[in-house]
Every structure is written in C-alpha cells, then in structure tokens.
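Residue numbers (mature numbering (1 follows the signal peptide of the UniProt record, and there is no 0)): -20 to -1, 1 to 114. C-beta atoms are modelled at their ideal positions from N, C-alpha and C, and glycine is treated no differently. Have a look at the structure below, then the notes.
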C-alpha cells in the first residue's frame, strides 16, 4: 500500500510540474499601447446636405512603423466638435522613423446649420474645419 501511495504522489508531482512548465503566458510577445497624436492636416468639403454623410480626411503623425489609427476622441458642445486622434502601437520591433497616416472622419447631421470641427494640432492649437449643412 505504501508503494502505491508513493507512486501516486510521484505521478501527481510529475503531471503538475509538466503542466505548469508548459504554460503559454509568455511575456516576450508584442506589446500594445495607445497614445493621443496631433493632427497635421484636414481636407474635405465645406458644405453638405442634411442626412447625407460628409467625410473629412484627417492626417496625423505616428512615432514609428507600429503606429496605426485606433479611434477618434470627440467632445461636443453645440455645433462644435473638438476631436483628438488616438493611435495604437502594437509590437516591439518598430524602428524610430515617424510617419503619417490618414483616416476618414465621417459624420451625418439631421439639422441644417454651421458645424465647426476642431482637430487638435498641438497642446493649445487646432486645425478648424467649418462645414455648412443645408
């Protein structure tokens, strides 16, 4: 009986060691971070029609080759929208060469009026695009 208990304990110890040593939580994989990036240019129409989609092309800089668009961060006050770009950086071997990316910002409004879009160019400056919707 003692021999059986010893063999069982050895088997349990061996299996638990094998399972924990083969775990797949390897931290050497790629990392992911997000950063707010400044806009360098905005192009698009200055007029539009109620209930019709309008597209503004937003160009922004990323720090390296791993940078890509993640989302727009929008704060609205009346007919004015203040917009920031959030970039996502995935990977470890990204180099150090900055580049620019362009992402469409699409919007549709259901009321005629003048709409002001302020894209963050620096900590205190904005690129302003005014669109008149009729």
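Reduced DSSP secondary structure (H/G/I, E/B, other) of residue 45: Position 65 of the chain shown, counting from 1, holds the residue named residue 45. Here residue 45 carries a coil assignment [DSSP, helix/strand/coil].
7 Å Cβ shell around residue 76 - same chain, five flanking residues per side excluded: For the purposes of this step, residue 76 is taken as the residue at position 96 of the chain shown. These residues qualify, in order along the chain: 44.
With DSSP as the reference, please indicate the residues paired to residue 79 in a beta bridge. Here residue 79 is taken as the residue at index 99 of the chain shown, counted from 1. Answer is 42.
Roughly how many angstroms separate the alpha carbons of residue 71 and residue 11, rounded to a whole number? On the chain shown, position 91 is the one that residue 71 refers to. On the chain shown, position 31 is the one that residue 11 refers to. So the two alpha carbons sit approximately 5 Å from each other.
Just grab the DSSP bridge partners of residue 19 for me. One-based indexing of the chain shown puts residue 19 at position 39. Note: residue 19 sits in a beta bridge opposite 40.
Hey, how far is the Cα of residue 28 from the Cα of residue 56? In the chain shown, residue 28 corresponds to position 48, counting from 1. In the chain shown, residue 56 corresponds to position 76, counting from 1. Looking at the two C-alpha atoms, the distance is approximately 19 Å.
Beta strand (DSSP E) segment containing residue 93, residue limits: In the chain shown, residue 93 corresponds to position 113, counting from 1. From DSSP, the beta strand (DSSP E) with residue 93 extends over 93 to 100.
From residue 73 to residue 79, what distance separates their C-alpha atoms? One-based indexing of the chain shown puts residue 73 at position 93. One-based indexing of the chain shown puts residue 79 at position 99. C-alpha separation (whole angstroms): 15 Å.
Helix, strand or coil, according to DSSP, for residue 127 in the structure here? Given a span of -20 to 114 for the chain in the structure shown, any question on residue 127 remains unanswerable.
Compute the Euclidean distance between the alpha carbons of residue 61 and residue 95, then round it to the nearest angstrom. If you number the chain shown from 1, residue 61 lands on position 81. If you number the chain shown from 1, residue 95 lands on position 115. Going from the Cα of residue 61 to the Cα of residue 95 covers about 8 Å.
Using only the alpha-carbon positions, how far apart do residue 51 and residue 14 sit? Counting from one through the chain shown, the residue named residue 51 turns up at place 71. Counting from one through the chain shown, the residue named residue 14 turns up at place 34. Approximately 10 Å between the Cα atoms of the pair.
Proximity to residue 92 [Cα-Cα], best of 113, 103, 98: Counting from 1 along the chain shown, the entry for residue 92 is found at position 112. Minimum Cα-Cα distance from residue 92 among the listed residues 113, 103, 98 corresponds to 113.
Should residue 16 go down as buried or exposed, given a rule of 16 or more other Cβ atoms within 10 Å for buried? Position 36 of the chain shown, counting from 1, holds the residue named residue 16. Exposed, because fewer than 16 other Cβ atoms sit within 10 Å of the Cβ of residue 16.
8 Å CB neighbourhood of residue 42 in its chain, flanking five on each side removed: Position 62 of the chain shown, counted from the start, is the residue given in the question as residue 42. Around residue 42: 17, 48, 67, 69, 78, 79, 80, 81.
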